[in-house]
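Numbering (UniProt numbering), first residue to last: 1 to 416. Think of the CB as a built atom: it goes at the ideal place given N, C-alpha and C, for glycine as much as any other residue.
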């Protein structure tokens with residue numbers, strides 16, 4: 001029976017990076033993946049385009065996006081930064097491009113190219129890969145992991161183990177929380193997992209009429225008991241029962257407990273103050289007094305939203321703009337600057353981009369990604385209790401922690 005220096009459980013981005021890195025550092029490596037293929041969640045990231053990382057090169061600036069937990073990431077990011085990530089992929093033939101000032105994507109706009117780079121990287125470093133396998137048990141002796149038992153009673157011996165199984169989000173891709181169970185069985189505390197970066201379901205049924213409509217660069221603000229508690233300026237998309245998109249994802253990460261009705265307010269013209277926009281609408285109506293209201297308001301509303309706006313403001317679409325009353329104009333400007341939706345609940349793990357919660361950071365050494373409880377156990381990626389906003393932050397954590405875990409696990413072999 002072959003004895004591996006390192007076994008990696010989980011064939012997502014963190015796992016593939018960890019496996020390839022451990023192999024590059026001289027370890028014999030086996031990657032175990034329960035699904036029939038690697039990187040299933042990676043392939044759907046960024047709507048299949050894969051936001052690899054971003055252009056935030058200063059570690060301090062990067063970790064600020066993770067709140068107090070961000071301090072844990074300093075060693076991993078100092079060892080493998082956003083710049084290192086770009087160099088890693090560029091150096092293996094993947095051309096990258098910058099979007100919206102800071103997001104890094106493959107120029108090909110396909111996540112499959114990212115997966116191809118990672119699989120080649122593992123092959124170059126002689127990583128053995130087994131797919132479609134079920135982990136039955138992880139065996140220990142004297143507080144050290146000795147082997148991994150698969151379904152069918154096959155036992156594989158290892159000197160170190162890296163758990164990179166991801167979270168609970170998009171369970172159909174294989175991220176169904178297995179790593180939490182493995183870690184808990186080994187004595188680790190698990191911070192209760194919750195959906196993060198997730199769409200919201202709202203009470204207003206009329207949003208169905210706007211399904212598929214994208215609002216570019218809108219300001220979304222969250223109000224609780226009429227007090228603003230968070231806001232974000234980014235893109236948002238109407239769904240059949242609520243809102244999705246980066247702005248919504250970032251807000252749900254900040255308000256992951258719904259103990260009261262929460263109101264979501266949308267400002268489609270964040271660059272204008274209310275009074276400025278009101279004056280613009282009034283002036284345009286005065287200059288185009290013979291236009292119908294439908295034609296007039298086409299300048300301000302997306303086509304898909306216009307019928308709803310006219311209906312809710314109780315405006316006859318064929319009425320001439322010269323008859324546009326002040327009260328009706330205020331309703332229209334209110335819809336442009338302060339459209340209100342009542343959040344009923346968050347969508348579940350099946351729609352969440354990532355998971356918050358996971359293996360307690362207090363029980364992981366951030367300098368090595370090793371367990372403080374089990375001598376030869378390591379963690380990387382979404383399985384640990386840290387999550388960031390949209391914009392390449394979470395994938396960068398997979399690359400950085402996976403890199404560090406792979407290096408540390410390989411280095412531990414040669415210390416023996």
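Practice item. Could you say which of 167, 135, 37, 142 lies nearest to residue 197 if we only look at CA atoms? Key: For this step, residue 197 is matched to residue 197 along the chain shown. Ranking 167, 135, 37, 142 by Cα distance to residue 197 puts 167 first.
**Study point:** For residue 177 and residue 358, the rounded distance between their alpha carbons
**Key:** As a first step, residue 358 is located in the chain shown; it is residue number 358 there, counting from the start. As a first step, residue 177 is located in the chain shown; it is residue number 177 there, counting from the start. The alpha-carbon atoms of residue 358 and residue 177 are separated by roughly 9 Å.
**Study point:** CA nearest to the CA of residue 125, picked from 107, 185, 31, 320
**Key:** On the chain shown, position 125 is the one that residue 125 refers to. Nearest C-alpha to residue 125: 31.
Point to revise | Classification of residue 279 by the beta-carbon crowding that lies within 10 angstroms, buried from 16 upward | key: As a working mapping, residue 279 is identified with position 279 in the chain shown. Exposed is the call here.
Practice item. Tell whether a beta-carbon distance below 9 Å holds between residue 40 and residue 174. Key: Within the chain shown, the letter at position 40 stands for residue 40. Within the chain shown, the letter at position 174 stands for residue 174. The answer is yes: Cβ separation under 9 Å.
Exercise for review: Report all residues from its chain with a CB closer than 6 Å to the CB of residue 240; omit the five preceding and five following residues, and keep chain order.
Suggested key: Position 240 of the chain shown, counted from the start, is the residue given in the question as residue 240. Within the same chain, residue 240 has close Cβ partners 208, 211.
Check your understanding: Count the other CB atoms within 10 Å of the CB of residue 3; is the residue buried (16 or more) or exposed (fewer)?
Key -> To locate residue 3, count along the chain shown from 1; it is residue 3. Exposed, since its Cβ has fewer than 16 Cβ neighbours within 10 Å.
Check your understanding: If we ignore side chains and look at the alpha-carbon of each, how far apart do residue 21 and residue 14 end up?
Key -> By one-based count along the chain shown, residue 21 stands at place 21. By one-based count along the chain shown, residue 14 stands at place 14. The alpha-carbon atoms of residue 21 and residue 14 are separated by roughly 10 Å.
Practice item. State buried or exposed for residue 82, treating a residue as buried only when at least 16 other CB atoms are found within 10 Å of its CB. Key: In the chain shown, counting from the first residue as 1, residue 82 sits at position 82. So residue 82 counts as buried.
Review point. Is it right to say residue 249 is buried, meaning 16 or more other beta carbons lie within 10 angstroms of its own, or is it exposed?
Key: For the purposes of this step, residue 249 is taken as residue 249 along the chain shown, with counting starting at 1. So residue 249 counts as buried.
Review point. Do you know offhand how far residue 52's Cα is from residue 263's?
Key: As a first step, residue 52 must be located in the chain shown, where it is residue number 52. As a first step, residue 263 must be located in the chain shown, where it is residue number 263. Each residue's Cα considered, the two are about 32 Å apart.
Point to revise | Continuous beta strand (DSSP E) stretch holding residue 267: start and end | key: Position 267 of the chain shown, counting from 1, holds the residue named residue 267. Its beta strand (DSSP E) spans residues 262-267.
Point to revise | Check whether residue 202 and residue 341 have beta carbons under 9 Å apart | key: To locate residue 202, count along the chain shown from 1; it is residue 202. To locate residue 341, count along the chain shown from 1; it is residue 341. Contact: yes.
Check your understanding: For the putative contact between residue 104 and residue 59, defined by C-beta atoms under 8 Å, what is the C-beta separation to the nearest angstrom?
Key -> As a position in the chain shown, residue 104 is number 104, starting the count at 1. As a position in the chain shown, residue 59 is number 59, starting the count at 1. In fact, because the Cβ distance is near 16 Å, the residues do not count as touching under 8 Å.
Check your understanding: alpha helix (DSSP H) containing residue 62: first to last residue?
Key -> The residue given as residue 62 occupies position 62 in the chain shown. 59-63 is the span of the alpha helix (DSSP H), which, as asked, contains residue 62.
Review point. How would you label residue 408, buried or exposed, when you count the other beta carbons within 10 angstroms and need 16 or more for buried?
Key: Position 408 of the chain shown, counting from 1, holds the residue named residue 408. Result: buried.
Check your understanding: Should residue 102 go down as buried or exposed, given a rule of 16 or more other Cβ atoms within 10 Å for buried?
Key -> For this step, residue 102 is matched to residue 102 along the chain shown. Per the 10 Å Cβ criterion, exposed.
Exercise for review: Measure the C-alpha to C-alpha separation of residue 253 and residue 301 and round it to an integer number of angstroms.
Suggested key: Reading the chain shown from its first residue, position 253 is the one you call residue 253. Reading the chain shown from its first residue, position 301 is the one you call residue 301. Approximately 29 Å between the Cα atoms of the pair.
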